[in-house]
Structures are given as C-alpha cells and as structure tokens.
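*Asks:* To start, I am sharing the structure in question, which I have written as structure tokens.
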C-alpha cells in the first residue's frame, strides 16, 4: 500500500544571482578553461512542487528515463515512487532495507538499484515494488551505486574501502577494487567496461574491467577534499566530479586526449555543515 503523501504547489519567486555557481579559469596544472554560465533565476528555498511522504531525511532522488516518475530514497529505510503529473501522488512504497537508503538509480523503465547503510545493494521491480535481489559483500555502509545502461552490471562503493562489481543476473561479486580509504562515489560506462570511483583521499580513479590486475588505469588528481559524487556524461567522454572542497571538475576520460585531463573547474558548489555526500549530474544534452 502506498504511503500517505501529498503534493503542494508553491509559488517560486525570482532571485538575484548571488548564489550562482561560478565557473573559474583553471590553472596551467589543472588545464581548466573559463566557461560562461547562465544566472540563477530560482532559489532552493522556493520549491515548484513539494512532495511529502517520507518519515525522515531524503538522501537521493532520480527521475525515470521517461520523466513520468520520480524515485526517492530516505533515512526512513524506504524508497517512494511518485508520479510527476496530475496530483503527483506517491504510487508505491519499496521496503526491504534495514538502514538509510543513500542512493538510487533507474535501470531501464521497470527496475531500480539502491545502495544502503545496511551494507547491501538492492535490485527492485518498480512495477510491483518487489525486491528482485540483494547483493551482499560490503562489510560497512554502502555509499554509492550505479548500474550500467547496456550491460548486466552494477558497481557499488562503501566505507570498507572497496568498490564491488556485481552481475545483475546472479548474487555473487565479480570484481573487487581495493582503495586506500572509503569509496564515496561510483559510476560506470554504458557498456560496463570501465568503472569510475571517487574516494575520501580526493582522487578519482578509472578502472578497465577487461584487465584482471584490479589497478586503476587513470588517477585524476585535483580535488583537495573528499570526492562526494561523480557522473559520466551521456556521450561517455567526460566525467564530472563533486567534492567537499566546494568545486566541481570536468575530466576528459577518453583513451587519448591532448593536454591535461581536467578541462573545467567550477567554484561555488557549497557543502552544508553536515558534510553529506552531495552528488552531481549532467543535463540530458550532455556537455
């Protein structure tokens, strides 16, 4: 049964651009460039729509591929599925985690993947609300997860300082990628051949899963604090990373590139006092 919920329409007032994200020119070492960006015309304190239903803090939200549904994960251990049209009501509640849900991703239009502080990664059927599989192997909180769009693969990263690669068809772990410190963010290429990780040491790593040595083929250094989120561009050529140093960086992750890997440096992505693992994302149009 769906949880009690409501959607409240709220007016949004225009504000000045004092809180705008500021693109900055990178140093020669960073290889960054100055990029002009649009001014903000909205304020995070002025919601267009307010969806109420979770019983605790919401850590993650994702639109479905078609945009008609929204999936949210919360500290209340549940995932809620919302319609994005009409009354915008909560149509389904997904239960099964024993601790906070910290990240969710859609896997096609009918499945979703979640990472939780209960040390588990879960695969869900969002049509029925049923849990298809639970992936066990992490020995501490799972901070991040990401499915491959065109391959039966899920990657996850946790406080146990490892990233794990799972085959969605079975429950066993296919690869373990060791890190010196907790893994706070993960992503993967659409074909599942490459895995990207962000770590507490501020380093972004790129792994080629076709190699069996478990060593990164690239180490992208530049952040001065914990990397909290990473996202691969729709064309698979660039990686966006967000960190607690209040910057975002855009990296060229093509096999061969001219100059430095860091193409753009953005300042102003403020983290709150709670130091949560803030994520980043691309628009559908990409870079």
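Residue numbers (UniProt numbering): 1 to 287.
No residue lacks a Cβ here, since even glycine has one placed at the ideal position from N, Cα and C.
Keep in mind the model is a prediction, meaning the values are calculated, not measured.
Does the Cβ-Cβ distance between residue 113 and residue 107 come in under 9 Å?
*Replies:* For the purposes of this step, residue 113 is identified with residue 113 of the chain shown, where counting begins at 1. For the purposes of this step, residue 107 is identified with residue 107 of the chain shown, where counting begins at 1. Yes; because the gap between Cβ atoms is below 9 Å, this pair is in contact.
*Asks:* Identify every residue that forms a DSSP beta bridge with residue 105.
*Replies:* The count along the chain shown starts at 1 and reaches residue 105 at position 105. Answer is 113.
*Asks:* Run through DSSP, which three-state label would residue 91 get?
*Replies:* Within the chain shown, numbered from 1, the residue matching residue 91 stands at position 91. Three-state result, residue 91: strand.
*Asks:* Does the region 272-282 touch the region 231-243, meaning 3 or more C-beta pairs lie closer than 8 Å?
*Replies:* Touching, yes, given that three or more Cβ pairs across the two stretches are closer than 8 Å.
*Asks:* Kindly list the residues whose CB is nearer than 6 Å to the CB of residue 22, restricted to its own chain and excluding five residues on each side of it in sequence; keep chain order.
*Replies:* Taking the first residue of the chain shown as position 1, residue 22 is located at position 22. Bear in mind that a pLDDT of 47 at residue 22, under 50, signals an unreliable position, so the number given afterwards is only what the model happens to contain. 267 and 268, listed in sequence order.
*Asks:* What does DSSP give as the partner residue(s) for residue 158 in the beta ladder?
*Replies:* In the chain shown, residue 158 corresponds to position 158, counting from 1. DSSP output for residue 158 lists 142 as bridge partner(s).
*Asks:* Within its chain, find whatever has a CB closer than 6 Å to the CB of residue 58; leave out the 5 residues flanking it on each side and keep chain order.
*Replies:* Taking the first residue of the chain shown as 1, we reach residue 58 at position 58. Excluding positions up to five away in sequence, the list reads 72 and 74.
*Asks:* Which one of 260, 69 and 183 has the shortest CA to CA distance from residue 221?
*Replies:* Position 221 of the chain shown, counted from the first residue, corresponds to residue 221. Residue 260 is the option with its Cα nearest to residue 221.
*Asks:* Would you tell me roughly how many angstroms separate the C-alpha atoms of residue 219 and residue 196, rounded to the nearest one?
*Replies:* Walking along the chain shown from the start, residue 219 turns up at place 219. Walking along the chain shown from the start, residue 196 turns up at place 196. Their Cα atoms are separated by approximately 10 Å.
*Asks:* For residue 99, which residues of its own chain have a beta-carbon under 7 Å away from its beta-carbon, when the five flanking residues on both sides are left out?
*Replies:* As a first step, residue 99 must be located in the chain shown, where it is residue number 99. If we look at residue 99 and ignore the five residues flanking it on each side, its Cβ neighbours are 77, 116, 117 and 118.
*Asks:* For the region 186-201 against the region 151-161, do three or more pairs of beta-carbon atoms, one drawn from each stretch, fall closer than 8 Å, so that the two count as touching?
*Replies:* A contact exists between the region 186-201 and the region 151-161.
*Asks:* With C-beta atoms as the reference, is residue 84 less than 9 Å away from residue 67?
*Replies:* Your numbering for residue 84 matches position 84 in the chain shown. Your numbering for residue 67 matches position 67 in the chain shown. Yes; because the gap between Cβ atoms is below 9 Å, this pair is in contact.
*Asks:* Alpha carbon to alpha carbon, how far is residue 29 from residue 215?
*Replies:* Numbered from 1 along the chain shown, position 29 holds the residue referred to as residue 29. Numbered from 1 along the chain shown, position 215 holds the residue referred to as residue 215. At residue 29 the pLDDT is 42, less than 50, meaning the model places this residue with poor confidence; the figure from the coordinates comes in the next sentence. Their Cα atoms are separated by approximately 24 Å.
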